[in-house]
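**Q** First, the structure itself, so that you have it in front of you.
Number of protein chains: 4
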Amino acid sequence: MTPPAADSALVDRLVLANRILYRQGVVDGFGHVSARHDRSAGHFLLARNMAPGLVRREDIVTFDLDGVAVDAAGRRVYLERFIHGEIYRARADVHAIVHSHSPSVIPFGVTGRSLRPVFHMSGFLGEGAGLFEIRDIADDTDMLVSSGPLGVALARALGARSAVLMRGHGSTVVGATVEQAVYRAIYAEVNARLQLNAIALGEVNYLNAREAAKAAAVNDTQLPRVWDLWVRDLGPVD
Amino acid sequence: MTPPAADSALVDRLVLANRILYRQGVVDGFGHVSARHDRSAGHFLLARNMAPGLVRREDIVTFDLDGVAVDAAGRRVYLERFIHGEIYRARADVHAIVHSHSPSVIPFGVTGRSLRPVFHMSGFLGEGAGLFEIRDIADDTDMLVSSGPLGVALARALGARSAVLMRGHGSTVVGATVEQAVYRAIYAEVNARLQLNAIALGEVNYLNAREAAKAAAVNDTQLPRVWDLWVRDLGPVD
Amino acid sequence: MTPPAADSALVDRLVLANRILYRQGVVDGFGHVSARHDRSAGHFLLARNMAPGLVRREDIVTFDLDGVAVDAAGRRVYLERFIHGEIYRARADVHAIVHSHSPSVIPFGVTGRSLRPVFHMSGFLGEGAGLFEIRDIADDTDMLVSSGPLGVALARALGARSAVLMRGHGSTVVGATVEQAVYRAIYAEVNARLQLNAIALGEVNYLNAREAAKAAAVNDTQLPRVWDLWVRDLGPVD
Amino acid sequence: MTPPAADSALVDRLVLANRILYRQGVVDGFGHVSARHDRSAGHFLLARNMAPGLVRREDIVTFDLDGVAVDAAGRRVYLERFIHGEIYRARADVHAIVHSHSPSVIPFGVTGRSLRPVFHMSGFLGEGAGLFEIRDIADDTDMLVSSGPLGVALARALGARSAVLMRGHGSTVVGATVEQAVYRAIYAEVNARLQLNAIALGEVNYLNAREAAKAAAVNDTQLPRVWDLWVRDLGPVD
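Protein chains in written order, with my numbering: chain A, 1 to 238; chain B, 1001 to 1238; chain C, 2001 to 2238; chain D, 3001 to 3238.
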């Protein structure tokens, strides 16, 4: 079943999200960001297999939740599209997902340290981050979430949280909008760097659960401010 | 009571301060800088709610010390304008204030480590930095200084110092001029990074109180040199 | 014996490799990258003695495996061309080599810590990195691999691995193609930074040998994606 | 006594040195670089009091070794010109001097840790760096080397070495040419960062004295390569 065309403004935002995540250092040549289809909850939009920093409108492909492309037209797709499909299936509240290898986050996943909110900007980490150990699901793998069952296991490790660490791989964050998911991916990285430095200084006084929840709520009202800045910093998008 | 128009050169300096703080990495999409009104000690100038890196002359709003905008004309204002109003009320010597989440400073606030002058450029930290724990004033909050009483408490934690750390949030620095406040915000961040690295190496021999005071005095005579550079590095300000 | 002219596309790739390694921070004014000659396994291509970030087509010189230039025409050559010649002699599978002082890798070489794969992108480090101690071969030297025998010893320390650390100097990585060697040089640096930060946090759960091998295999299929990005980020190459 | 005009090419190199040191992150708005006058060993060239990143030919002033400007024509001069004068007086082999607050070096000075050569590029640190404690000479000061006697004491702490750390202030490096002094200032900073990271990993195997001396000698033959790159990276110098 092919869904109707997605909202053109949503596609534009998804292109900008790809570019912003590259410019802000969350993704390099790898990583990807998706948006749930605005007119079909059973589909999502994701670039074809390419560097996010180069994505244009015409590179956006539509997938169903099993990770089957409905309009790839021969274009190569990401091996890990199952990250997106299975999280959208498990979490009706999620409308955008960022998977990245953002560098400050990775040391937490490989040491089993919890990522916790050092400051109000990362209140969305109030419930910590899930930890996905692919060895618990499969034998020695290539570390990629390259099948439906691995996607299901990742979604389970994410649970109701905003972020999940993937041991020896990277992390995935989710949001209710493209802007929120991008915000969370950027500030998960910022928070991880702050947390690394704070741990080196002494015992860290993290935001407690109620502080984190309240901070997250108020920060969401400020998203347009920072999204505008990120877009402006891109300069012209070719 | 509406004050007379502020000095046009002061408004220009405040716009530049916004841009400089972004370019130098002290603020990102968040944070703000204000100047006390030059013709009314009971008012201050602050941008409308927006990313500091994009501020223009027409974005500057005038507030009274209670944080009430006198010329917002419907424009959205910063939730934390009370930081500025209450510090101006408590500190007649202060004519400019920078609030930021500058990254190297935050680990100090969340571990209760004192920020101290590692080198002469940060002599203004000779008396250390105050530490504001919002939990001492209010129950679990969203961490923001979003009311008069919270602003009063922050001003009290600042005391007569140049800087105050805000646990789980960021920091605020003050100055006698826009240039001095910007200088202090930039070098508080530089000093924090130096201090983090020095602590990793061994016991740190900080500037003592008299060295710090003398260094701060002489550095103030060099402000035009570095302000000129920061302005030049901005390139054309659109 | 002078070999026939190398494939023009290979020379282009080697020029791009020089520029990419500079832009990505793997080399500064020093370091070099070579490619085995495509029509003569006994020769390789390497820039004349110059900063890699400035290399053009006309700067590429052809050498035999003894490090003798066949077409230098008076141009000054790198003192350490023996790194390349002796590794090509010892490793028929190697067709490109990067020697650099990439900064995060050096602390491993001087402390004798093993470089190990923190994440799937550095699966090529599954067998670790060799460690070359020049003092084992020669008396106190200038640290440079500036003779055939030193090159032979370096190739022996490399063994069948992808990378060798050179104590007090830098590192060398090898690949089956120019793209793969560049990829490995960049991600050896990324991995080293991740590993430094992870070690500071706690005990690190590295990829095991089978995970590393599988991840390396799948990553090799993604090389065109990231190479395209690196080329685009160069902008026009003068 | 007014010396004859300095070699125009030397003045050009000094202007480039100012710009390069800024672009490479060794100086910010502060710090300075000088060259001994090529036709009068009793004089040196140094910019007027300004940010090094903005220096032009017309900003270069001639001083005698007492720090008296012979052609300032009312222009404000650096408070710390005595660093330069007294080192030139004490060290006939020195023809260029860089004073900076380069960030990775400062943690060594304030903890009394020795700066030592981690890799061959910093062989010039083979004899370590001197440590200047201004408290040994004067009571609590503003930390600046702002008089002849303080300059004499600094030159004594430098001794016959290439670099001296200044506690709570910064560092000074010297060279036989402008190019060599710039090279040493840049690689003192690089080495300090490597050393900080290596110390975090374990016991560091530094270059020994003979290795350092040999590496320094061979690196000096490579200076034009890297100077060309630094100049090219400046782009047009306005």
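Note that CB positions come from ideal geometry on N, CA and C, so glycine has one too. The structure presented is a predicted model; accordingly, all values stated were derived computationally and were not measured.
So for A2005 (chain C), helix, strand or coil by DSSP?
**A** Residue state, collapsed to three classes: coil.
**Q** Between B:R1161, B:L1229 and B:L1021, which has its C-alpha nearest E1189 (chain B)'s C-alpha?
**A** Of the candidates B:R1161, B:L1229 and B:L1021, the one whose C-alpha sits nearest the C-alpha of E1189 (chain B) is B:L1021.
**Q** With 7 Å as the limit, tell me which residues of the stretch 1129 to 1147 of chain B have their beta carbon closer than that to any beta carbon of chain A; keep them in chain order.
**A** Within the stretch 1129 to 1147 of chain B, the qualifying residues are D1140, T1141, D1142, M1143 and L1144.
**Q** Kindly indicate the opening and closing residues of the alpha helix (DSSP H) around V1098 (chain B).
**A** Element bounds for V1098 (chain B): not the alpha helix (DSSP H) but the beta strand (DSSP E), A1096 to S1100.
**Q** Output, in chain order, the set of chain A residues within a Cβ distance shorter than 8 Å of F2119 (chain C).
**A** Those are H101, I106, V110, M143, G168, H169 and G170, listed as they occur along chain A.
**Q** Using only the alpha-carbon positions, how far apart do V55 (chain A) and A17 (chain A) sit?
**A** Going by the C-alpha atoms only, they are around 10 Å apart.
**Q** Can you check whether the C-beta of R3113 (chain D) is within less than 8 Å of a C-beta belonging to chain B?
**A** By this cut-off, R3113 (chain D) is an interface position.
**Q** Looking only at C-alpha atoms, which of B:A1216, B:M1001, B:V1015 and B:D1142 sits nearest to V1118 (chain B)?
**A** The shortest C-alpha separation from V1118 (chain B) is found at B:A1216.
**Q** Would you mind sorting A2160 (chain C) into buried or exposed? The rule is 16 or more other CB atoms within 10 Å of its CB.
**A** Per the 10 Å Cβ criterion, exposed.
**Q** Using the C-alpha atoms, what's the distance from D71 (chain A) back to N1197 (chain B)?
**A** About 52 Å.
**Q** Assuming E2133 (chain C) contacts R2167 (chain C) under a Cβ cut-off of 8 Å, what Cβ separation, rounded to an integer in Å, is found between them?
**A** 5 Å between Cβ atoms; contact.
**Q** Got a sec: is the Cβ-Cβ distance from I1060 (chain B) to anything in chain A below 8 Å?
**A** No, because no Cβ of chain A sits closer than 8 Å to the Cβ of I1060 (chain B).
**Q** Return the residue from the list D:V3178, D:A3069, D:D3038 and D:Q3222 that minimises the CA-CA distance to A3096 (chain D).
**A** Nearest of D:V3178, D:A3069, D:D3038 and D:Q3222 to A3096 (chain D), Cα basis: D:V3178.
**Q** Using a Cβ-Cβ cut-off of 7 Å (strictly less than) and excluding sequence neighbours within five positions of Y206 (chain A), which residues of its own chain qualify?
**A** The residues are R116, P117 and V118.
**Q** What are the residues in the stretch 181 to 205 of chain A lying within 8 Å of chain C by C-beta distance?
**A** Residues passing the 8 Å Cβ filter: L196, I199 and A200.
**Q** Would A51 (chain A) count as contacting chain C if we go by Cβ distances under 8 Å?
**A** Yes - at least one Cβ of chain C is within 8 Å of the one on A51 (chain A).
**Q** Which residue comes first and which comes last in the beta strand (DSSP E) that contains L1045 (chain B)?
**A** That run of the beta strand (DSSP E) goes H1043 to A1047.
**Q** Would you kindly check if the distance between the Cβ of V98 (chain A) and the Cβ of V226 (chain A) is under 8 Å?
**A** It is not a contact, given that the beta carbons lie outside the stated cut-off.
**Q** Does the count of Cβ pairs from the stretch 2120 to 2139 of chain C and the stretch 3220 to 3236 of chain D closer than 8 Å reach three?
**A** Not touching, per the Cβ criterion.
**Q** Using DSSP with H/G/I as helix, E/B as strand and the rest coil, what is V244 (chain A)?
**A** One cannot answer for residue 244 (chain A) here, as it falls past the ends of chain A, which runs 1 to 238.
**Q** I want to see whether chain C comes within less than 8 Å of N3018 (chain D), judged by CB atoms only; does it?
**A** Cβ-Cβ to chain C under 8 Å: no for N3018 (chain D).
**Q** Please tell me whether F63 (chain A) has its Cβ less than 8 Å away from any Cβ of chain C.
**A** No, no contact with chain C.
**Q** Any idea which residues DSSP pairs F3132 (chain D) with across the strands?
**A** Answer by DSSP bridge pairing, in chain order: D:M3166.
**Q** Looking at the unbroken alpha helix (DSSP H) that takes in A2051 (chain C), where does it start and where does it end?
**A** Where A2051 (chain C) is concerned, there is no enclosing alpha helix (DSSP H), given that its DSSP letter is neither H nor E.
**Q** Using 8 Å as the threshold, is the C-beta distance between G1170 (chain B) and H1101 (chain B) below it?
**A** Yes; because the gap between Cβ atoms is below 8 Å, this pair is in contact.
**Q** Return helix, strand or coil for T1172 (chain B), following the three-state DSSP convention.
**A** Of the three classes helix, strand and coil, the one that applies to T1172 (chain B) here is strand, per DSSP.
**Q** Below 8 Å, can you find three or more Cβ-Cβ pairs linking the stretch 55 to 65 of chain A to the stretch 30 to 45 of chain A?
**A** Verdict: yes, contact present.
**Q** For A3138 (chain D), name the three-state secondary structure that DSSP assigns.
**A** DSSP places A3138 (chain D) in coil when its eight states are reduced to three.
**Q** Rounded to whole angstroms, what's the CA-CA distance from G151 (chain A) to E86 (chain A)? Just pull it up for me.
**A** Approximately 5 Å, taken between the alpha carbons.
**Q** Which residue from A:A47, A:N208, A:T111 and A:A157 puts its Cα closest to that of L131 (chain A)?
**A** With distances taken between Cα atoms, L131 (chain A) lies closest to A:A157.
**Q** Keeping to the same chain, check which residues put their C-beta closer than 7 Å to that of Y2088 (chain C); ignore five residues upstream and five downstream.
**A** Closer than 7 Å at Cβ, skipping near neighbours: R2036, F2044, L2065 and V2094.
**Q** Where are the alpha helix (DSSP H) runs, 4 residues long or more, that stay fully inside the stretch 185 to 221 of chain A, in chain order?
**A** Here the runs fully enclosed are 209 to 220.
**Q** Could you list which residues in chain C have their beta carbon closer than 9 Å to that of E3179 (chain D), in chain order?
**A** Ordered by position in chain C, no residue passes the 9 Å Cβ test against E3179 (chain D), which lies about 12 Å from the chain.
**Q** In angstroms, rounded to a whole number, what distance separates the CA positions of P2149 (chain C) and S3162 (chain D)?
**A** Using only the alpha carbons, I get a separation of about 33 Å.
**Q** Report the neighbours of F82 (chain A) on chain C: residues whose CB is nearer than 9 Å to its CB, in chain order.
**A** Under the 9 Å cutoff, chain C gives no residues; its nearest Cβ is about 14 Å from F82 (chain A).
**Q** Please state the DSSP three-state secondary structure of V1061 (chain B).
**A** In the structure shown, V1061 (chain B) sits in a strand (DSSP, three-state: E or B).
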